[in-house]
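> In UniProt numbering, the protein residues as written are 1 to 144.
For glycine and all other residues, C-beta sits at the position ideal for the given N, C-alpha and C.
One structure, pasted below without further comment.
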């Protein structure tokens, strides 16, 4: 596989909830919806009340899809899409400005050599390694 795209959903404290990975030539929004579907807490499929994301996810169809799943989109608008910004969207912008937590999570995942280098041929193998990393993360957190 030449490139790998990863999308991760974290909670407010930076704890990973779900991850999806696939070929790098697909758009981010496809993987974002796939990742939101994978969130399971306590054996039940759940979804976040709000979803913050960067400008790459600013699309009317994506916003509509999130709303149909009862998720409030807190997406930063692209510079060419600044018209009609409501006051509520300006207040919700703070949820998208915590991007550093997501970047920290990706950096934490990249500390594992097996995941950092693209050695595998199937994305399902990467998905399995990511789940192992999540287990390692939560076991370490529980032992503190």
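Can the beta-carbon of residue 130 be found less than 9 Å from the beta-carbon of residue 23?
Their beta carbons are not under 9 Å apart, which means residue 130 does not touch residue 23 by this criterion.
> Please state whether DSSP places residue 3 in a helix, a strand or coil.
Of the three classes helix, strand and coil, the one that applies to residue 3 here is coil, per DSSP.
> I'd like the list of long-range same chain contacts for residue 16, defined as Cβ closer than 7 Å, with 5 residues on each side in sequence excluded.
For residue 16, where only same-chain residues beyond five positions count, the Cβ hits under 7 Å are 8, 10, 105, 134, 137.
> Where do the N-terminal and C-terminal ends of the alpha helix (DSSP H) with residue 146 fall, by residue?
Residue 146 is absent from the structure shown; the chain starts at 1 and stops at 144.
> With distance defined between alpha-carbon atoms, name the residue in 35, 52, 48, 40 nearest to residue 101.
It is 52 whose Cα lies nearest to the Cα of residue 101.
> Which of the three DSSP states is assigned to residue 71 in this structure?
Here residue 71 sits in coil by DSSP.
> How far does the alpha helix (DSSP H) with residue 52 in it extend, from its first residue to its last?
Per DSSP, residue 52 belongs to no alpha helix (DSSP H); it is in the beta strand (DSSP E), 50-53.
> Bridge partners of residue 18, per DSSP?
DSSP, once it has assigned bridges, lists 9 as partnering residue 18.
> By alpha-carbon positions, which one of 144, 48, 77, 26 ends up nearest to residue 55?
Checking every option, the nearest Cα to that of residue 55 belongs to 77.
> What's the gap between the Cα of residue 71 and the Cα of residue 36?
Near 10 Å, if we compare the C-alpha coordinates of residue 36 and residue 71.
> Roughly how many angstroms lie between the CA atoms of residue 108 and residue 60, to the nearest whole one?
Taking the straight line from one Cα to the other gives about 32 Å.
> So which of 99, 34, 40, 144 has the shortest CA-CA distance to residue 62?
It is 34 whose Cα lies nearest to the Cα of residue 62.
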